[in-house]
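Novice:
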Amino acid sequence: MKIRTLILATSLISSSAFASTINFDYVEAGYAKLTLDDSELNPKGLGLKLSKTLNDNLVFKANYIRTNDSISHSETDNYGEIPVNFDIEADATLSQVYLGLGYLWHIDENKVFELAPYIGNLKFDIDSTVNASANYMGESASESETYNDSDDVNIFGLEANYHFAFSDQLNMVLGLGYERADYDDEPESDSFYQVQLNYNFTENFTFNFAHRAVDDYKNTGLNIRYNF
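Mapped onto mature numbering (1 follows the signal peptide of the UniProt record, and there is no 0), the consecutive letters of the sequence shown carry residue numbers -19 to -1, 1 to 209.
Okay, structure coming up:
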């Protein structure tokens, strides 16, 4: 309901006093953060995005996000009368790729509605090392094991975005969507929302903040965009 209220409010603002600042031809790069629900991981990294119009009403979109994080902790378990210390270290890398095709409805010069189906892939790679050590009756022993686990999930989704320009320098995007993740054990479908605020500090360069929230994860980015 908050997204809908914002859309209704922005539609009341007059847009006749400035030229259109909504652009669908650009490349951008920036800081990316991935938040995973119920996880100790807090991955950060790089986000890349390309958008290119094919004609007045079609736009191709590609997005790549790569983040990573490391965690470590120690614990002790008792095996009979022998306490065993475990030191665990894990490095996780998460990659997200999305390809989409958007259809644009130009409501007026500074308002555009976009409907975009997309496909994507989420890939998880985790390398972990477990060091075990024990001391008993003056004797010590240690052992180390390394493990690797990886998984990738195909994504199919549809998003609806409302693009609106407040002024020559400032415009925003409000969006709602629905996506299906084909996990091996059981497919999962979730709705999501996304918000993006763009500030044009020159004719060709834009700074933006973007946030996308799905049920199990959230993407946040701070980006520099080159408009062509």
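Note that the Cβ used here is the ideal one computed from N, Cα and C, for glycine as well.
To the nearest angstrom, how far is it from the Cα of residue -8 to the Cα of residue 75?
Specialist: The count along the sequence shown starts at 1 and reaches residue -8 at position 12. The count along the sequence shown starts at 1 and reaches residue 75 at position 94. Bear in mind that the predicted position of residue -8 carries a pLDDT of just 48, short of 50, making it unreliable; the figure below should be weighed with that in mind. Cα to Cα, the separation comes out at about 41 Å.
Novice: Please name the residue, chosen from 23, 78, 69, that lies closest to residue 29 on a Cα-to-Cα basis.
Specialist: Translated into positions along the sequence shown, residue 29 becomes position 48. Looking at the Cα atoms, 78 is the closest of the given residues.
Novice: With DSSP run on the structure shown, which of helix, strand or coil describes residue 2?
Specialist: As a first step, residue 2 is located in the sequence shown; it is residue number 21 there, counting from the start. It is coil, neither helix nor strand.
Novice: Tell me the DSSP secondary structure of residue 183 in three-state form.
Specialist: Position 202 of the sequence shown, counting from 1, holds the residue named residue 183. Note: residue 183 maps to coil in three-state DSSP.
Novice: DSSP three-state call for residue 147: helix, strand or coil?
Specialist: Translated into the one-based positions of the sequence shown, residue 147 becomes position 166. Of the three classes helix, strand and coil, the one that applies to residue 147 here is coil, per DSSP.
Novice: Using 8 Å for Cβ pairs, my map puts residue 83 next to residue 42. What's the rounded Cβ distance?
Specialist: Position 102 of the sequence shown, counted from the first residue, corresponds to residue 83. Position 61 of the sequence shown, counted from the first residue, corresponds to residue 42. Correct: roughly 6 Å between the Cβ atoms.
Novice: What is the DSSP secondary structure of residue 158, reduced to helix, strand or coil?
Specialist: Residue 158 sits at position 177 when you count from the first residue of the sequence shown. Looking at residue 158 - three-state DSSP - the assignment turns out to be strand.
Novice: By how many angstroms is the C-alpha of residue 167 removed from the C-alpha of residue 49?
Specialist: Counting from 1 along the sequence shown, the entry for residue 49 is found at position 68. Counting from 1 along the sequence shown, the entry for residue 167 is found at position 186. Whole-angstrom Cα-Cα distance: 25 Å.
Novice: Quick check on residue 164: does DSSP put it in helix, strand or coil?
Specialist: Numbered from its first residue, the sequence shown carries residue 164 at position 183. DSSP places residue 164 in coil when its eight states are reduced to three.
Novice: Going by other Cβ atoms of all chains shown within 10 Å of its Cβ, with 16 needed for buried, is residue 63 buried or exposed?
Specialist: In the sequence shown, counting from the first residue as 1, residue 63 sits at position 82. When all chains shown are included, residue 63 counts as exposed.
Novice: According to DSSP, is residue 62 part of a helix, a strand, or is it coil?
Specialist: Looking up residue 62 in the sequence shown gives position 81. Three-state DSSP puts residue 62 in coil, outside helix and strand.
Novice: Do you know how far the Cα of residue 117 is from the Cα of residue 10?
Specialist: Mapped onto the sequence shown, residue 10 falls at position 29. Mapped onto the sequence shown, residue 117 falls at position 136. Using only the alpha carbons, I get a separation of about 55 Å.
Novice: Report back the beta-carbon spacing between residue 159 and residue 170 to the nearest angstrom; my notes put them in contact at under 8 Å.
Specialist: Within the sequence shown, numbered from 1, the residue matching residue 159 stands at position 178. Within the sequence shown, numbered from 1, the residue matching residue 170 stands at position 189. Their Cβ separation, rounded to whole angstroms, is 7 Å, which keeps residue 159 and residue 170 in contact under 8 Å.
Novice: Could you tell me the boundaries of the beta strand (DSSP E) in which residue 94 lies?
Specialist: Translated into positions along the sequence shown, residue 94 becomes position 113. Unbroken beta strand (DSSP E) run through residue 94: 92 to 117.
Novice: Along the chain, where does the beta strand (DSSP E) containing residue 20 start, and where does it finish?
Specialist: By one-based count along the sequence shown, residue 20 stands at place 39. Element bounds for residue 20: n/a, residue is neither H nor E.
Novice: Run through DSSP, which three-state label would residue 209 get?
Specialist: What you label residue 209 is simply residue 228 of the sequence shown in a count that begins at 1. Three-state DSSP puts residue 209 in coil, outside helix and strand.
Novice: Determine the contact status of residue 178 and residue 185, defining contact as a CB-CB distance below 8 Å.
Specialist: Counting from 1 along the sequence shown, the entry for residue 178 is found at position 197. Counting from 1 along the sequence shown, the entry for residue 185 is found at position 204. No, the Cβ-Cβ distance between residue 178 and residue 185 is not below 8 Å.
Novice: Determine the direct distance from the alpha carbon of residue 114 to that of residue 107, and round the result to whole angstroms.
Specialist: For this step, residue 107 is matched to residue 126 along the sequence shown. For this step, residue 114 is matched to residue 133 along the sequence shown. So the two alpha carbons sit approximately 23 Å from each other.
Novice: When DSSP labels each residue in this structure, what does residue 176 get in the three-state scheme?
Specialist: Working through the sequence shown from its first residue, we reach residue 176 at position 195. If DSSP states are grouped into helix, strand and coil, residue 176 belongs with the strands.
Novice: At the level of alpha carbons, what is the spacing between residue 124 and residue 66?
Specialist: Counting from 1 along the sequence shown, the entry for residue 124 is found at position 143. Counting from 1 along the sequence shown, the entry for residue 66 is found at position 85. About 11 Å.
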